[in-house]
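Quick notes on the structure that follows.
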Amino acid sequence: MDRQDLRKLLAAVKDGEQSLDDALETLATLPFRMLPDATLDTHRSLRTGYPEVVFGLGKTADQIARISASLHEAGNNVLITKLDEARVGTLLTLFPEAVVDWSPEAGCALVKHHPVVMVGRGPIGIVAAGTSDLPVAREAVFTARALGNEVREFYDVGVAGVHRLLHHHVALRACAVLVVVAGMEGALPSVVGGLVQAPLIAVPTSVGYGAAFGGIAALLGMLNSCSPGVTVVNIDNGFGAAYAAALINRGEE
Numbered sequence: 013m014d015r016q017d018l019r020k021l022l023a024a025v026k027d028g029e030q031s032l033d034d035a036l037e038t039l040a041t042l043p044f045r046m047l048p049d050a051t052l053d054t055h056r057s058l059r060t061g062y063p064e065v066v067f068g069l070g071k072t073a074d075q076i077a078r079i080s081a082s083l084h085e086a087g088n089n090v091l092i093t094k095l096d097e098a099r100v101g102t103l104l105t106l107f108p109e110a111v112v113d114w115s116p117e118a119g120c121a122l123v124k125h126h127p128v129v130m131v132g133r134g135p136i137g138i139v140a141a142g143t144s145d146l147p148v149a150r151e152a153v154f155t156a157r158a159l160g161n162e163v164r165e166f167y168d169v170g171v172a173g174v175h176r177l178l179h180h181h182v183a184l185r186a187c188a189v190l191v192v193v194a195g196m197e198g199a200l201p202s203v204v205g206g207l208v209q210a211p212l213i214a215v216p217t218s219v220g221y222g223a224a225f226g227g228i229a230a231l232l233g234m235l236n237s238c239s240p241g242v243t244v245v246n247i248d249n250g251f252g253a254a255y256a257a258a259l260i261n262r263g264e265e
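Just so we're aligned: 124 in the numbering used here is position 112 of the sequence shown, and the numbers increase by one with no gaps anywhere.
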């Protein structure tokens, strides 16, 4: 249940279309639902505007399916991240394919209870330094769209050929928020930050040779960015960057 659903419920009680007891029964299930191995926060969309998201890594296919089914039953669109093809099959068996959006490139699925409502005030730009950064960038793209945002994508525009980035400078400046994904030395967010006035969220990836230390070099480079206002999330966390971008970009619902 989200704010719009709650308004409808209260209006129905006010207009005599639903009894007070029935409304109380509906509200009684709002805070959480208990499963054998999970306690689901079905109240989260009322507090934050977005429902609970399922982190797929470390969960079995059956756990993901049961959690998703319960959140879906509570009236939520269900976003699952860090999901692989070996575990998505159970979801596709449980729900019709028309209900599940699945992207193997992003490692994400969206179980739709209702159509996604566009609430972003402007486009979110997702910028990836290299083709090897695309899995993290596409996780960000999938998340931003699932949360109701228009997305514009800019791929393989790393600093080794900065003219490729500058070719897009007008389109980059038209974005309301930017998510910039890079591995190796992680320099791209500093360059993009010097071109635009929009909020910029940097995502270090684990792409790179040995001294990249699994993304730590890119993380430290981004934390030490010489462009002011660059915000940095954790390594390979395209979801977290897109979620933050969606919060920044969210208009009135």
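For each residue, glycine too, the CB sits at the ideal point set by N, CA and C.
These numbers come from a predicted model, not from an experiment.
Residue environment, residue i, which counts as buried when at least 16 other CB atoms sit within 10 Å
| i | result |
| --- | --- |
| Tyr-62 | buried |
| Tyr-255 | buried |
| Lys-71 | buried |
| Asp-145 | buried |
| Arg-78 | buried |
| Asn-161 | buried |
| Ala-118 | buried |
| Ser-237 | buried |
Residues of its chain near residue i, where Cβ-Cβ distance is below 6 Å and the 5 sequence neighbours each way are ignored
| i | result |
| --- | --- |
| Ser-239 | Ser-202, Gly-205 and Gly-206 |
| Leu-91 | Val-65, Leu-122 and Ala-158 |
Limits of the beta strand (DSSP E) - the one that residue i falls within
| i | result |
| --- | --- |
| Gly-137 | 136-140 |
| Glu-85 | Note, Glu-85: premise wrong, no beta strand (DSSP E); alpha helix (DSSP H) at 73-85. |
| Glu-165 | 163-167 |
Sequence-distant residues of its chain with Cβ nearer than 8 Å to residue i (five each side left out)
| i | result |
| --- | --- |
| Ala-133 | Reading off the sequence, residue 133 comes out as Arg, not Ala. The residues are Ala-188, Asn-261, Arg-262 and Gly-263. |
| Arg-176 | Asp-168, Val-169 and Gly-170 |
| Leu-104 | Val-112 and Trp-114 |
C-beta atoms of residue i and residue j nearer than 8 Å
| i | j | result |
| --- | --- | --- |
| Thr-217 | Ala-230 | yes |
| Gly-195 | Phe-166 | no |
| Val-112 | Asn-89 | no |
| Gly-250 | Ala-141 | no |
| Val-66 | Ser-57 | no |
| Leu-212 | Val-192 | yes |
| Val-153 | Pro-135 | no |
| Leu-159 | Ala-98 | no |
| Thr-93 | Glu-151 | yes |
Chain-order list of residues whose beta-carbon lies under 7 Å from that of residue i (same chain, five-residue window excluded)
| i | result |
| --- | --- |
| His-180 | Phe-166 and Val-169 |
| Ala-224 | Gly-195, Met-196 and Ala-230 |
Bounding residues of the alpha helix (DSSP H) (the contiguous stretch that carries residue i)
| i | result |
| --- | --- |
| Pro-108 | Taken as a continuous stretch (DSSP letters only), Pro-108 belongs to no alpha helix (DSSP H), as it is neither H nor E. |
| Leu-177 | 174-178 |
8 Å contact criterion, which residue i and residue j should meet: CB distance rounded
| i | j | result |
| --- | --- | --- |
| Gly-87 | His-125 | 6 Å |
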